[in-house]
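Heads up, the thing below is written out as structure tokens.
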Amino acid sequence: MHFDQGELVAVLTTQPLDRTLDYKAPEGGCFLGAFVEVPLGPRKVLGVVWGAGRGDFDRSKIRSVIRVLDVAPMREEMRLFLQRAADYTLTPMPAMLRLATRAPGLGDPLSMRKIYRLGSGMPDRMTDARARVLEVLRDYGGLAFTLKELAEMAGVTSSVVKGLVKQGTVREEDSPRDLPYPHLDPDRPGKALTPDQTAAADTLRAALRSGTYGTTLLKGVTGSGKTEVYLEAVAEALRMGRQALVLLPEIALTAEFLTRVEERFGARPAEWHSGATMTERRRVWRMVGQGDAQMVVGARSALFLPFRDLGLIVVDEEHDTSYKQDDGVHYNARDMAVLRAAICGARVILASATPSLESWANAEAGKYDRLDLTSRFGAAVLPDMKTIDMRAEKMQPGTWISPSLRQAVQARIEKGEQSLLFINRRGYAPVTLCRACGEQIACDHCDARMVEHRFLKRLMCHQCGETKPMPEACPACGVEGKLAPVGPGIERLAEEAEATFPDTRIAMLSSDLFGSARALKAKIEEIAEGDADIVIGTQLVAKGHNFPNLTLVGVIDSDLGLHGSDLRAAERTFQLMRQVAGRAGRADKPGTALLQTFQPEHPVIRAILSGDEEGFWRAEAAGRQAAGVPPYGRMAGIVLSGPEVGPVFDVGNVLARNDAPLRQIGAQVFGPAPAPIARIRGRHRVRLLVKAPKGAPIQDAIARWIAPLRLKGDIRLTVDIDPQSFY
Numbered sequence: 029m030h031f032d033q034g035e036l037v038a039v040l041t042t043q044p045l046d047r048t049l050d051y052k053a054p055e056g057g058c059f060l061g062a063f064v065e066v067p068l069g070p071r072k073v074l075g076v077v078w079g080a081g082r083g084d085f086d087r088s089k090i091r092s093v094i095r096v097l098d099v100a101p102m103r104e105e106m107r108l109f110l111q112r113a114a115d116y117t118l119t120p121m122p123a124m125l126r127l128a129t130r131a132p133g134l135g136d137p138l139s140m141r142k143i144y145r146l147g148s149g150m151p152d153r154m155t156d157a158r159a160r161v162l163e164v165l166r167d168y169g170g171l172a173f174t175l176k177e178l179a180e181m182a183g184v185t186s187s188v189v190k191g192l193v194k195q196g197t198v199r200e201e202d203s204p205r206d207l208p209y210p211h212l213d214p215d216r217p218g219k220a221l222t223p224d225q226t227a228a229a230d231t232l233r234a235a236l237r238s239g240t241y242g243t244t245l246l247k248g249v250t251g252s253g254k255t256e257v258y259l260e261a262v263a264e265a266l267r268m269g270r271q272a273l274v275l276l277p278e279i280a281l282t283a284e285f286l287t288r289v290e291e292r293f294g295a296r297p298a299e300w301h302s303g304a305t306m307t308e309r310r311r312v313w314r315m316v317g318q319g320d321a322q323m324v325v326g327a328r329s330a331l332f333l334p335f336r337d338l339g340l341i342v343v344d345e346e347h348d349t350s351y352k353q354d355d356g357v358h359y360n361a362r363d364m365a366v367l368r369a370a371i372c373g374a375r376v377i378l379a380s381a382t383p384s385l386e387s388w389a390n391a392e393a394g395k396y397d398r399l400d401l402t403s404r405f406g407a408a409v410l411p412d413m414k415t416i417d418m419r420a421e422k423m424q425p426g427t428w429i430s431p432s433l434r435q436a437v438q439a440r441i442e443k444g445e446q447s448l449l450f451i452n453r454r455g456y457a458p459v460t461l462c463r464a465c466g467e468q469i470a471c472d473h474c475d476a477r478m479v480e481h482r483f484l485k486r487l488m489c490h491q492c493g494e495t496k497p498m499p500e501a502c503p504a505c506g507v508e509g510k511l512a513p514v515g516p517g518i519e520r521l522a523e524e525a526e527a528t529f530p531d532t533r534i535a536m537l538s539s540d541l542f543g544s545a546r547a548l549k550a551k552i553e554e555i556a557e558g559d560a561d562i563v564i565g566t567q568l569v570a571k572g573h574n575f576p577n578l579t580l581v582g583v584i585d586s587d588l589g590l591h592g593s594d595l596r597a598a599e600r601t602f603q604l605m606r607q608v609a610g611r612a613g614r615a616d617k618p619g620t621a622l623l624q625t626f627q628p629e630h631p632v633i634r635a636i637l638s639g640d641e642e643g644f645w646r647a648e649a650a651g652r653q654a655a656g657v658p659p660y661g662r663m664a665g666i667v668l669s670g671p672e673v674g675p676v677f678d679v680g681n682v683l684a685r686n687d688a689p690l691r692q693i694g695a696q697v698f699g700p701a702p703a704p705i706a707r708i709r710g711r712h713r714v715r716l717l718v719k720a721p722k723g724a725p726i727q728d729a730i731a732r733w734i735a736p737l738r739l740k741g742d743i744r745l746t747v748d749i750d751p752q753s754f755y
């Protein structure tokens, strides 16, 4: 649809307004979906032409669109996706549009620009500032920067970068504003597949050729070659001239994955995640819209890129909780991938060794197809899994590696093989206690204990990120020398490993120990090449990494996630333990996984050992069904927050008393109650939980329930449909 100059158009802006705004079409007119710059008060803001204007007020006061941006218009399917995602998550449309326009410089004119890359040689004189510039360029693995971007990331002035250009250490190049991505060749031969991999790949290719929407759960034991199978589906999408999107849960996984894509298709795909430079992100956004990026590998927000013809979405490690965004727009990328594919007639592949119960239940109900890969690729076999009963181990005070595990690690060291010690806690110790008065050092702004990070010599709050120096004296009683760490974190475990296994190379993998995603990727590559004897890691290591020489996994505290109010506690523990154990024995050497536990008879631990995954899912599903909770019921979390606890509770009580719209659909409301973490960043938090039958229109009921509410002062309300965490 085209609007001629002067016609009224409705523009949806990225500003927090509750409606579209009327403007006059500019000189030359504009199309439906055009990205435009419009005046709003004294400012110029970004918007999209959403339809015809309403014209319900004085036409003489309506201003004109300033200009139409030189980018592909937003397609109808994308507008529909944003609208449906907004309706599902109860999110205002401007917030959804912000997700779809997260690329800098969209309005910049097309022109040549200067870009900067790593050159050769070293400067004649090295300074701290120069070293920081080179470190940023190395961390980002050859990606290009603008001068401003490079200077800001390195914390230097632009003259430092220009000085390095004169020395030849940094290259300055002229580049067109945004170049198309190199062509990926789908007919380049891939790896030889096993018979069951070939059968799965054939099924996926046939599904793609049907040209219709459908979702397939690709379940395969760790190391079974799921990636190779779904890359064949990517190849089929490319042959058909359609675009492919592969979502990964961790930036740290992208380096190894991009190498595999390059081996398979002869070129690197586009990357979209927080580790990519702003320059690169703008290029991806533009090229995807023009159809000049055949494949994108990215984090969850890549779902909101303006694909021209999206034919396939792969959600790798689909069970991973990082696909749920818990701030801003509360959405689950796995569910939104299915929604987007249904709108544009694409296929979805949900790949996991340990699927989420939601996906398992959808496959059981016939909503999703299911493909199983039952054996590991090549000579690799599944690890032998055993428990270490900690009740029978003689442990020294302040130690966490049992004698049995110590012996197993020592045996691997003598054979020249790698061991992984896993603990799902960052930092040195989760609690710092005063032995004089019993005070536990808490965050000043949150109801959370501060975690000691000994390498940083600071205490850190894992809720708000606040840090402070480790005090000499107790802040409560003032006694010096009585502060003691309680419980182990990854740093404390590393300290024990260094004392227990002297003269061994120990590497730590935790998200907070690396300044950038690129530095973390480099460390993972070094470990894979054999630069460590013992790897000590948090849940980061459970996600898809391939360490060929790793033959032993020791889980320090298998019981950590088994208890608590989270309805998914058993499921998450089961997934995490199976995923971690799957790091062992991925090449031709057999692997062993040892789980230290005080409850070897616990049903989850027994299910992990027996490998009876279907039995575990059936039992877990029966329990959830009896309780009427997801995926056999609907849930929504309402979080109210404000600087004073009284007014927040008052609003919660008003909501609880006026719950008629919820009762009309058979829903119940629980609360208000203090959230498990009742204060974050100085704001008091109160929760209500809505539980409804499976088919109930919960979004419509909640919208009617909260509509009359008028929030006063600094009180905020957020709605989380299908909550993944309950903090």
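Residue numbers (the working numbering): 29 to 755.
Cβ coordinates follow ideal geometry from the N, Cα and C atoms, glycine included.
This one's a predicted model, so the numbers in the text were calculated from it and none came from an experiment.
Relative to the C-alpha of residue i, which residue among the options is closest?
i    : options                : result
D585 : V479, I416, F644, F575 : I416
T307 : F450, V343, L245, L134 : L134
E6   : P214, V514, G218, E299 : Here the chain has residues from 29 to 755 only, and residue 6 is not among them.
R314 : F59, Y209, P751, G269  : Y209
V343 : A379, A113, F335       : A379
P70  : R91, M102, Q653, D678  : R91
V66  : A123, T41, K89         : T41
Q435 : A525, P411, G466, E467 : A525
Span of the alpha helix (DSSP H) holding residue i?
i    : result
Y258 : 254-267
W428 : Taken as a continuous stretch (DSSP letters only), W428 belongs to no alpha helix (DSSP H), as it is neither H nor E.
A609 : 597-609
T231 : 223-237
S187 : 186-195
S447 : That residue, S447, is in no alpha helix (DSSP H); its beta strand (DSSP E) goes 446-450.
Compute the Euclidean distance between the alpha carbons of residue i and residue j, then round it to the nearest angstrom.
i    : j    : result
L273 : G61  : 23 Å
A408 : A381 : Because A408 sits at a pLDDT of 48, beneath the cut-off of 50, its placement in the model cannot be relied upon, and the following sentence gives the value as read from the coordinates. Distance between the alpha carbons of A408 and A381: 16 Å.
A655 : A684 : 22 Å
E260 : V289 : 11 Å
Q627 : A420 : 11 Å
F575 : G56  : 59 Å
D354 : V747 : 10 Å
Q43  : K395 : 38 Å
W300 : D687 : 42 Å
Y258 : T402 : 15 Å
L178 : K551 : 23 Å
R713 : D475 : 10 Å
G517 : R453 : 5 Å
R126 : H630 : 46 Å
Q607 : A220 : 25 Å
I469 : P277 : 33 Å
S753 : D594 : 7 Å
At which residues does the beta strand (DSSP E) containing residue i begin and terminate?
i    : result
D50  : 49-52
A38  : 36-41
Q696 : 696-708
T243 : 242-248
P513 : 511-514
C462 : 459-462
I666 : 662-670
G75  : 71-80
I'd like to check one pair, residue j with residue i: are the Cβ atoms closer than 8 Å?
i    : j    : result
A758 : R328 : Outside the shown range of the chain (29 to 755) lies residue 758, about which nothing can therefore be said.
P10  : G665 : Nothing about residue 10 can be reported from this structure: the residues present for the chain run from 29 to 755 only.
V312 : I341 : no
L13  : L449 : Nothing about residue 13 can be reported from this structure: the residues present for the chain run from 29 to 755 only.
L580 : T528 : no
V583 : Q624 : yes
V76  : V39  : yes
Using DSSP's beta-bridge definition, name the partner residues of residue i.
i    : result
H30  : F59
M488 : V479, T495
A582 : In the sequence as presented, Ala is not what sits at residue 582; that position holds Gly. BP columns for G582 point to L449, L622.
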